[in-house]
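In this note's numbering, the protein residues as written are 5 to 618. Built from N, CA and C at the ideal position, the CB exists for glycine as well. Fair warning: this is a prediction, and the values are worked out from it, not measured in the lab. Each remark here refers to the structure printed beneath this line.
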């Protein structure tokens, strides 16, 4: 708050007020004043011409100042706090507030109004008319105070009513928007021609109608002069295209004059008939003149009514078109047609008004009010859209109803945006967590299967090893038994070297059925046998060679399949498998031979194992 050291009511104070939009003008600007119209205030600010204060008004002002001082003293006694008059300004917004009192800590204001029963009732109910609360709203806005103690009194405790007024949310924004619109209208203001109080031009009375019938049946009248006057009036003076309030007032008075002429003609007829009945010609003349006047009067009445309605329609249509143009400009500023329909009752604004000037003023005030509402709504939409772009970039699909949402109060809109964004993020997080959990479960299942497969393989390997060891042990046992039997047979041969005995030993040796037996024919026809044992051999039958299917496998693939063991082309050749083709540097083998190759490898390994065991 910036305070100006100036005495309220002084010339310096009045000069200062002309530089700002004042709190006392605020109700007028908002179209809520009981004493002045918005159009009057605009004309006053545009021209700098203020109405003169008459003695009655000055006396009322003086009484108000006197009761204000007395009321301040009473309030200080009631509250125990001192209140000081101050004039404060808001330089940024060019607003001014002259308050009746403010506390030392700038927290509480004092505003005093003259006592009236209607105002006291409002204060007691805690519900002030806009005529009062707009001034208080600007005082709070300019000073930054927390509250206003609003008092109406006559300067005595007997007629005293007070209440606390605090700023109502949203009203300060409306006030700021109202002054902005007012000053925009003021910048485009074109002062109209001075409007004087409408007084109908006097209508020259038509000649008096009289009929006099003498006793000799002589009729004396002035119908011819009346005829000339009526026709001249209808042709030259009767208003047939009223345009201004002056025209409408003049036409209304002319209609009244024609009604009076009709009545005069009827009265003349009555006078005539009262004197004599044989006045046919005079009556016909009278009837013709009465009909002429009546028809034109009815035409004028119809014209007056229709033209008034037409001008009222034009005034209302001007308000409608002005609001439409304003909304179109705001929509272009927003970039999208997000503005809702702005209610404006131009027809209701002119209801009960008689003059065109008052209708134009009422429509202008209603138009300004609607523009303020539209501007306030557009500003809210712009703020909300900016917030939406900042907080929900890339998530516009969550706000398909944005057109309805953006007109909501900013706090409500931001809360809705935050809720939808947070719900979306939570849903996405839950979806991601579910995906991660599914992957973890799949990986765990794979690991468990791998572990199970490994365990099964290890168990199979252990079982195979145990089985092999058992078979080898059995084979060794049998070999030991054969060796013992062979040794016994040889011993028997030595003890009885006869051929029969030798043959029997050979048969016994051969009958053992294991190992390799070399036989040699001796000169005497006998046989000698040499047994070459192959211990621990588990014979594996080599399958017969299958038919060639045409499939080929690389040496590298065979080696990879038996890893960590390895085999070369020479090794395969030694096992009896030569390559059948080459592909660049790779040697190719028949795919159909793979089972025989693997069997040959196994047999070779088992043979090596048996040899080692021997």
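What's the C-alpha gap between residue i and residue j?
i	j	result
residue 558	residue 483	42 Å
residue 182	residue 358	28 Å
residue 98	residue 25	6 Å
residue 399	residue 334	26 Å
residue 172	residue 249	42 Å
residue 460	residue 395	57 Å
residue 377	residue 139	19 Å
residue 54	residue 81	38 Å
residue 577	residue 475	30 Å
residue 5	residue 144	10 Å
residue 61	residue 68	11 Å
residue 369	residue 297	42 Å
residue 530	residue 489	Only weak support exists for where residue 530 lies, its pLDDT of 45 falling under 50; the coordinates are left without a value.
residue 327	residue 86	48 Å
residue 336	residue 190	23 Å
residue 355	residue 226	46 Å
residue 435	residue 442	10 Å
residue 524	residue 487	The pLDDT assigned to residue 524 is 44, lower than 50, so where the model puts this residue is not dependable, and the model offers no usable value.
residue 463	residue 427	53 Å
residue 379	residue 407	17 Å
residue 233	residue 345	57 Å
residue 615	residue 566	22 Å
residue 73	residue 159	8 Å
residue 582	residue 573	7 Å
residue 585	residue 601	17 Å
residue 117	residue 157	7 Å
residue 375	residue 417	23 Å
residue 390	residue 130	38 Å
residue 619	residue 424	The question about residue 619 has no answer, for the chain in this structure spans 5 to 618.
residue 481	residue 550	37 Å
residue 466	residue 440	38 Å
residue 1	residue 421	The requested residue 1 is not part of the displayed model; the chain covers only 5 to 618.
When DSSP labels each residue in this structure, what does residue i get in the three-state scheme?
i	result
residue 137	helix
residue 556	strand
residue 166	strand
residue 111	coil
residue 298	helix
residue 225	strand
residue 593	strand
residue 24	coil
residue 608	helix
residue 182	helix
residue 599	helix
residue 116	strand
residue 256	helix
residue 233	helix
residue 153	strand
residue 339	coil
residue 439	helix
residue 319	helix
residue 584	coil
residue 546	A caution first: residue 546 carries a pLDDT of 49, below 50, which makes its placement in the model unreliable, though a value can still be read off. Coil, per DSSP.
residue 6	strand
residue 14	coil
residue 324	helix
residue 613	helix
residue 100	strand
residue 540	The predicted position of residue 540 is uncertain, since its pLDDT is 42 and thus under 50; a value taken from the coordinates is nonetheless stated next. It is coil, neither helix nor strand.
residue 91	strand
Contact check, residue i vs residue j under 8 Å by CB: the rounded distance?
i	j	result
residue 109	residue 76	Not quite, the Cβ-Cβ distance comes to about 17 Å (not below 8 Å), so this is no contact.
residue 365	residue 41	5 Å
residue 604	residue 579	4 Å
residue 63	residue 113	Not a contact, Cβ separation roughly 27 Å.
residue 71	residue 106	With 8 Å as the limit, residue 71 and residue 106 do not qualify as a contact, their Cβ atoms being about 19 Å apart.
#### Entry: Segment contact, 8 Å Cβ cut-off, at least three pairs: the region 86-96 with the region 154-167
Counting C-beta pairs closer than 8 Å gives fewer than three between the region 86-96 and the region 154-167, which falls short of the contact rule.
### Query
Could you give the uninterrupted runs of the beta strand (DSSP E) lying entirely in the region 27-64, keeping only those of 3 residues or more?
Qualifying beta strand (DSSP E) stretches: none in this window.
### Query
How do the region 318-330 and the region 338-353 stand: do at least 3 beta-carbon pairs fall below 8 Å, yes or no?
Judged by pairs of C-beta atoms under 8 Å, the region 318-330 touches the region 338-353, as three or more such pairs exist.
### Task
Flag this pair as touching only if the region 412-422 and the region 384-392 have three or more C-beta atom pairs under 8 Å; answer yes or no.
Judged by Cβ distances under 8 Å, the region 412-422 makes contact with the region 384-392, as three or more pairs qualify.
### Message
My parser needs the alpha helix (DSSP H) runs of 4 or more residues fully inside the region 356-414; what are they?
### Response
Listed in chain order, the alpha helix (DSSP H) runs fully inside the region 356-414 are 360-395, 406-409, counting runs of at least 4 residues.
### Task
Decide if the region 239-254 is in contact with the region 302-320; the criterion is three or more beta carbon pairs, one per stretch, under 8 Å apart.
Yes, they touch.
### Query
Touching or not, the region 297-312 and the region 250-262, by the rule of three or more beta carbon pairs under 8 Å?
Taking a cut-off of 8 Å for Cβ pairs, the region 297-312 and the region 250-262 touch, as three or more such pairs fall below it.
### Query
Using 8 Å as the Cβ pair cut-off and three pairs as the minimum, do the region 285-303 and the region 253-268 touch?
The region 285-303 makes contact with the region 253-268; the number of CB pairs closer than 8 Å reaches 3 or more.
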